[in-house]
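> Provided herewith is a single structure, encoded as structure tokens, for subsequent inquiry.
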Amino acid sequence: MRILIIIFLLPVFVFGQIRLDQSKAKGLKGTLMTPKWEEVGPNYYPGNESERSLTGVGPIKFFTIHPKETNEWGTNSIYGGLFLSRDAGKNWVNSGSDTWASSMCAWFDFHPNDPNIIVALSIVQPTRNGGNIGVEGGVMLTFDHGKKWSRIANFKDLEIDRYASLFKVILTQDFKCYVATDKGLYYCGDVNAAKPTWENLLYETSLSDIERFNDGLLVSGKEEKTGKWFIRFLNFEKNNFQDIPYSFDDKGLSHIKFEVVKGNSEQFYYLAQFETKPDFLIRSDWNGKMVILNERMNAVFGFGLSLAVNPKDSSEIFAGYGVTLQKSIDGGKTFKTVQGKYHVDIEGIFYHPEKENHLFIFTHGGLYRTIDHGENWENVSEGMGIAEVMGMGVGYNGFPIAVGLFHDGSLVYSNDSVWRHITSGDGLNSYVDWENNKYVYLSNQHGIGGLFASQDSGKTFINIHKTAGFTTSGWSMAFAQNTKEPNHFYFNYKRKYTPGLSEGYDVILSKNRGLSEYYPISDFNQTHGFKKYNIYDIYVNRNKPGTLYIYMLLSDSGEVQHKLFKNDSTLSSNINSIENYWTEIEMPINNWLGDIEFNSLKDEEIFLVKGSEDFIASDEEYGKGMVYRFDTSKKYNCNKGKHCENITWNLPNAYLDKPAAYLDTKRNRLFVGTNQGLYYLDLEAMDEWKKFGEGLPNVLIKQVAVSGDGKFIYVGTRGRGVWKHPY
């Protein structure tokens with residue numbers, strides 16, 4: 022009987038295997054349905070318990086607990102989208118924002134009576150105090166806890182054609198919705214309607230904050246024509262405004278942030294932020310009778326102001342002071358820094374609506390809770406994959422993986438499935454030597470940063486800039502390894518010239534994998550007369566390993582110029598002469614360069630992937646002109662199209678923030694990361710871009726790599742960590 026079953030099933034297996042082999046032989050002619058992209062992390066806090074205050078799972082902008090169903094928690098991760106928990110933070114899942122056209126979430130709100138109903142704001146590009154709603158963003162609504170979302174407003178409905186300095190949304194129990202932007206307060210009377218309609222309740226105003234208060238909203242902002250600031254109360258039922266006066270001098274006022282204390286219907290608090298003097302902490306009532314509690318505040322950081330008053334004891338007030346947290350036990354008169362293992366960079370503070378003394382802070386490293394007034398902190402965001410990858414390197418068989426995380430340092434992932442924290446601060450570029458995986462490189466910004474090198478697969482590191490005495494290049498850390506001479510390693514540093522003349526970021530060649538034998542190979546002050554320049558990226562031409570490309574930001578004229586240079590003599594035995602061979606390659610657009618790849622079929626042909634710094638309202642133009650190919654051996658004017666072709670073609674109209682590229686020389690495929698998936702172009706067919714795989718969140722792809730054994734392709738995303746797919 023067993024034999025008969027096996028014989029019966031064999032044709033099914035063989036047929037399935039033939040289908041699989043045929044799909045491999047044909048290549049990716051469309052979207053692969055199975056298998057899907059798999060999340061690699063980091064989802065949990067990395068090792069090194071002693072340094073948990075210096076690293077995290079990723080930045081969180083806003084956190085709230087449903088007022089009635091207090092096990093229902095929600096948080097947004099700026100770039101990574103909206104995450105929800107149904108068990109008070111023990112387990113987190115993506116709300117479904119991964120499937121939005123743009124997964125970035127600026128703000129959200131629960132329906133007061135039903136946590137399954139959520140309204141959220143999708144944007145395509147965050148800014149310091151707001152964001153860019155773009156063509157793909159808008160107001161999103163779900164009635165089933167994120168299983169299905171619909172867009173109920175776009176940028177046209179909200180009359181936004183570029184950026185907004187504020188994005189905040191409030192949903193009432195009778196399905197009224199309010200969206201605050203710098204263009205006014207937008208109102209929808211019924212988000213449950215077949216076609217929700219919107220109107221602006223406050224034209225020609227620039228709003229600062231909105232917050233629930235009793236049966237309405239507190240609204241702060243400034244009138245555009247008069248420059249006069251206001252604090253108003255909006256009644257939900259009548260939709261009319263009542264002015265709440267204030268009596269302090271508002272000269273230089275730049276922001277008002279509310280704090281409404283649960284259970285107190287008579288008073289509210291607010292922070293008044295000034296441009297040229299310390300901030301005020303103020304308590305006010307309905308009639309504008311106010312008390313200035315503190316005139317020496319400095320509670321500003323990140324995307325907003327941080328303030329919370331204990332609903333059971335108003336003498337306890339917490340505020341974010343710069344990058345740290347401070348506490349007052351005398352009603353705001355004095356503050357002291359709160360010590361403890363919480364991640365710095367405070368975005369917000371929140372008291373539990375029911376549990377006494379349960380206080381939360383959300384930071385650039387995750388969500389933290391204290392139940393003892395800030396003495397001890399517990400991370401409650403583990404399992405939430407929201408890391409912002411800025412750089413990624415992958416070893417030959419997929420291990421190790423090295424990443425630089427914005428806000429959360431640099432990490433190494435080994436085959437024991439543990440992410441280890443290596444350096445603090447803001448992690449930048451990362452690299453793993455394919456030929457010898459024991460060499461791993463990381464980089465971090467500024468004083469605590471530099472280029473870090475490991476000779477034991479990431480177990481221990483040395484800071485090359487520090488040990489060699491070079492000044493770090495700050496946020497512009499760049500390095501590359503020569504494919505022909507793997508001992509040749511290039512990195513940038515800050516060159517100091519005679520005081521009063523200039524400073525520049527130039528290139529060092531190391532003949533010992535960055536560990537020793539250092540030779541300066543560029544000096545653009547001497548060779549080109551540049552005064553203020555910054556080498557931002559370094560690229561080695563794999564087809565011609567003696568050729569090195571550098572991407573530069575030049576600021577001599579005041580306006581930043583984006584420049585590309587190449588040097589064909591970097592393997593010359595005459596080290597001193599290399600710096601004289603830098604020649605400029607014209608770029609098609611004076612805008613951010615995302616990446617460079619080199620055509621494996623044509624030695625002199627390169628591909629430039631440009632970033633989209635500005636929002637263009639037109640669907641036809643938005644996101645276009647991102648990928649170019651041209652012959653670097655020819656003299657031409659790229660802006661006129663000679664020897665320079667725009668091959669963006671059918672790539673999605675997506676915002677691209679310094680997008681990543683990767684060229685697979687074995688299969689002759691050029692990959693480009695967007696915020697709507699990973700796409701590739703067959704260089705032999707040169708016909709159209711095809712999407713690779715399914716299930717990848719619609720977030721910015723910052724890095725692309727294929728493991729040396731060719732089994733997996735990896736992407737590092739800004740906001741959703743590292744993902745992999747069989748290749």
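Residue numbers (the working numbering): 22 to 748. Quick reminder that beta carbons are idealized off the backbone N, C-alpha and C, glycines included.
Between which residues of its own chain and Ser336 is the CB-CB distance below 8 Å, once the five residues before and five after are set aside?
Translated into positions along the sequence shown, residue 336 becomes position 315. Only Ser349, Ile350, Asp351, Gly352 meet the Cβ criterion.
> Reducing DSSP to helix, strand and coil, say where Phe545 ends up.
Within the sequence shown, residue 545 is the residue found at index 524, counting from 1. In the structure shown, Phe545 sits in a helix (DSSP, three-state: H, G or I).
> From the DSSP output, read off the bridge partner residues of Val439.
Position 418 of the sequence shown holds residue 439. According to DSSP, Val439 bridges with nothing at all.
> With distances taken Cα to Cα, identify the nearest neighbour of Gly155 among Trp58, Leu142, His166.
For this step, residue 155 is matched to residue 134 along the sequence shown. Cα-wise, what sits closest to Gly155 is Leu142.
> Is Gly740 buried or exposed, if buried means 16 or more other CB atoms sit within 10 Å of its CB?
Sequence index remark: in the sequence shown, residue 740 carries index 719 (1-based). Result: buried.
> Between which two residues does the beta strand (DSSP E) containing Thr163 stretch?
One-based indexing of the sequence shown puts residue 163 at position 142. Per DSSP, Thr163 belongs to the beta strand (DSSP E) from 159 to 163.
> Are the stretch 668 to 676 and the stretch 609 to 620 touching, with three or more C-beta to C-beta distances below 8 Å?
Too few Cβ pairs lie closer than 8 Å, so no.
> Can you tell me which of the three DSSP states Asn260 falls into?
In the sequence shown, the residue the question calls residue 260 occupies position 239. Asn260 falls in the coil class under three-state DSSP.
> Note down, one range per segment and in chain order, each beta strand (DSSP E) of at least 3 residues found wholly within the stretch 226 to 259.
Counting only runs of 3 or more, we get 226 to 234, 237 to 244, 250 to 256.
> Does the distance from the CB of Glu625 to the CB of Ser654 come in under 7 Å?
Taking the sequence shown and counting its residues from 1, one reaches residue 625 at position 604. Taking the sequence shown and counting its residues from 1, one reaches residue 654 at position 633. Contact flag set, yes.
> Which first and last residues belong to the alpha helix (DSSP H) in which Thr488 is found?
Residue 488 sits at position 467 when you count from the first residue of the sequence shown. 485 to 489 is the span of the alpha helix (DSSP H), which, as asked, contains Thr488.
> Expressed to the nearest angstrom, what Euclidean distance is found between the alpha-carbon atoms of Gly579 and Trp496?
For this step, residue 579 is matched to residue 558 along the sequence shown. For this step, residue 496 is matched to residue 475 along the sequence shown. Approximately 20 Å between the Cα atoms of the pair.
> Considering only residues of the same chain and omitting the five flanking positions on each side of Phe164, which have a CB-CB separation below 7 Å?
Start at 1 with the first residue of the sequence shown, and residue 164 comes out as number 143. So the qualifying residues of the chain are Asn137, Ile138.
> Can you tell me which of the three DSSP states Tyr554 falls into?
As a first step, residue 554 is located in the sequence shown; it is residue number 533 there, counting from the start. Strand, per DSSP.
> Closest by CA to Val78, which one among Phe254, Val743, Pro747?
Position 57 of the sequence shown, counted from the start, is the residue given in the question as residue 78. Ranking the options by Cα distance to Val78, first place goes to Val743.
> Ignoring anything shorter than 3 residues, give me the beta strand (DSSP E) runs that lie fully in the stretch 384 to 470, in order along the chain.
Those beta strand (DSSP E) runs which fall completely within the stretch 384 to 470 and span 3+ residues are 387 to 391, 410 to 415, 422 to 426, 430 to 434, 440 to 444, 448 to 453, 461 to 465.
> Would Gly369 and Ser327 be called neighbours here (beta carbons separated by less than 7 Å)?
Reading the sequence shown from its first residue, position 348 is the one you call residue 369. Reading the sequence shown from its first residue, position 306 is the one you call residue 327. Contact: yes.
> Leu187 and Ala201 - do their beta-carbons sit closer together than 7 Å?
Here the question's residue 201 lines up with position 180 in the sequence shown. Here the question's residue 187 lines up with position 166 in the sequence shown. Taking 7 Å as the Cβ cut-off, Ala201 and Leu187 qualify as a contacting pair.
> How would you label Ile596, buried or exposed, when you count the other beta carbons within 10 angstroms and need 16 or more for buried?
What you label residue 596 is simply residue 575 of the sequence shown in a count that begins at 1. Its Cβ having fewer than 16 others within 10 Å, Ile596 is exposed.
> Quick check: what's the CA-CA separation for Glu793 versus Glu244?
Residue 793 lies beyond the residue range present for the chain, which begins at 22 and ends at 748; the question has no answer from this structure.
> Alpha carbon to alpha carbon, how far is Glu607 from Phe500?
Residue numbering aside, residue 607 sits at position 586 when the sequence shown is read from its first letter. Residue numbering aside, residue 500 sits at position 479 when the sequence shown is read from its first letter. Rounded to whole angstroms, Glu607 to Phe500 spans 22 Å at the Cα level.
> Taking only runs of the alpha helix (DSSP H) that begin and end inside the stretch 566 to 630, which ones reach a length of at least 4 residues, in chain order?
The stretch 566 to 630 contains these whole alpha helix (DSSP H) runs: 596 to 599.
> Any chance you could list the beta strand (DSSP E) runs of at least 3 consecutive residues sitting entirely within the stretch 50 to 119, in chain order?
Runs found: 59 to 62, 83 to 86, 94 to 97, 103 to 106.
> Starting from Gly742, follow its DSSP beta bridges and name the residues at the other end.
As a working note, residue 742 is residue 721 in the sequence shown. For Gly742, which the question treats as bridged, DSSP gives the partners Thr738.
> Would you kindly report the start and end of the unbroken beta strand (DSSP E) that includes Ile181?
Walking along the sequence shown from the start, residue 181 turns up at place 160. Per DSSP, Ile181 belongs to no beta strand (DSSP E) and is neither H nor E.
> Return the CA-CA distance between Gly729 and Gly419, expressed in angstroms with no decimal places.
Against the sequence shown, residue 729 aligns to sequence position 708. Against the sequence shown, residue 419 aligns to sequence position 398. Approximately 8 Å, taken between the alpha carbons.
> Measuring alpha carbon to alpha carbon, tell me which of Phe512, Arg688, Val693, Thr686 ends up nearest Tyr649.
Mapped onto the sequence shown, residue 649 falls at position 628. Answer by Cα proximity: Val693.
> Quick one: Cα of Gly48 to Cα of Ile734, how far?
As a working note, residue 48 is residue 27 in the sequence shown. As a working note, residue 734 is residue 713 in the sequence shown. Low confidence applies to Gly48: its pLDDT is 39, below 50, so where it sits in the model is not reliable enough to give any reading.
> In chain order, what residues of the same chain have a beta carbon less than 6 Å from the beta carbon of Phe176, not counting five sequence neighbours either side?
If you number the sequence shown from 1, residue 176 lands on position 155. So the list reads Ile154, once near-sequence residues are dropped.
> List the whole-angstrom C-beta distance separating Asn601 from Thr548, where the pair is believed to meet the contact cut-off of C-beta under 8 Å.
Here residue 601 refers to the residue found at position 580 when the sequence shown is read from its first residue. Here residue 548 refers to the residue found at position 527 when the sequence shown is read from its first residue. So it is a contact: roughly 6 Å between Cβ atoms.
> Does the distance from the C-beta atom of Leu575 to that of Phe551 stay below 7 Å?
Numbered from 1 along the sequence shown, position 554 holds the residue referred to as residue 575. Numbered from 1 along the sequence shown, position 530 holds the residue referred to as residue 551. Yes, the pair counts as a contact, with Cβ atoms nearer than the cut-off.
> Considering just the uninterrupted stretch of the beta strand (DSSP E) at Tyr363, what are its terminal residues?
The count along the sequence shown starts at 1 and reaches residue 363 at position 342. Neither: Tyr363 is in no beta strand (DSSP E) and is coded neither H nor E.
> Output yes or no for whether 7 Å exceeds the beta carbon distance between Gly210 and Ile265.
What you label residue 210 is simply residue 189 of the sequence shown in a count that begins at 1. What you label residue 265 is simply residue 244 of the sequence shown in a count that begins at 1. Their beta carbons are not under 7 Å apart, which means Gly210 does not touch Ile265 by this criterion.
> Gly361 to Glu396, Cα distance in whole Å?
Taking the first residue of the sequence shown as position 1, residue 361 is located at position 340. Taking the first residue of the sequence shown as position 1, residue 396 is located at position 375. Each residue's Cα considered, the two are about 7 Å apart.
> Check whether the stretch 410 to 419 touches the stretch 88 to 106, counting contact only when three or more Cβ pairs, one atom from each stretch, lie closer than 8 Å.
The stretch 410 to 419 is not in contact with the stretch 88 to 106.
> Spatial neighbours of Asp178 within its chain, please: C-beta separation below 6 Å, excluding the five flanking residues on both sides.
Residue 178 sits at position 157 when you count from the first residue of the sequence shown. Closer than 6 Å at Cβ, skipping near neighbours: Trp219.
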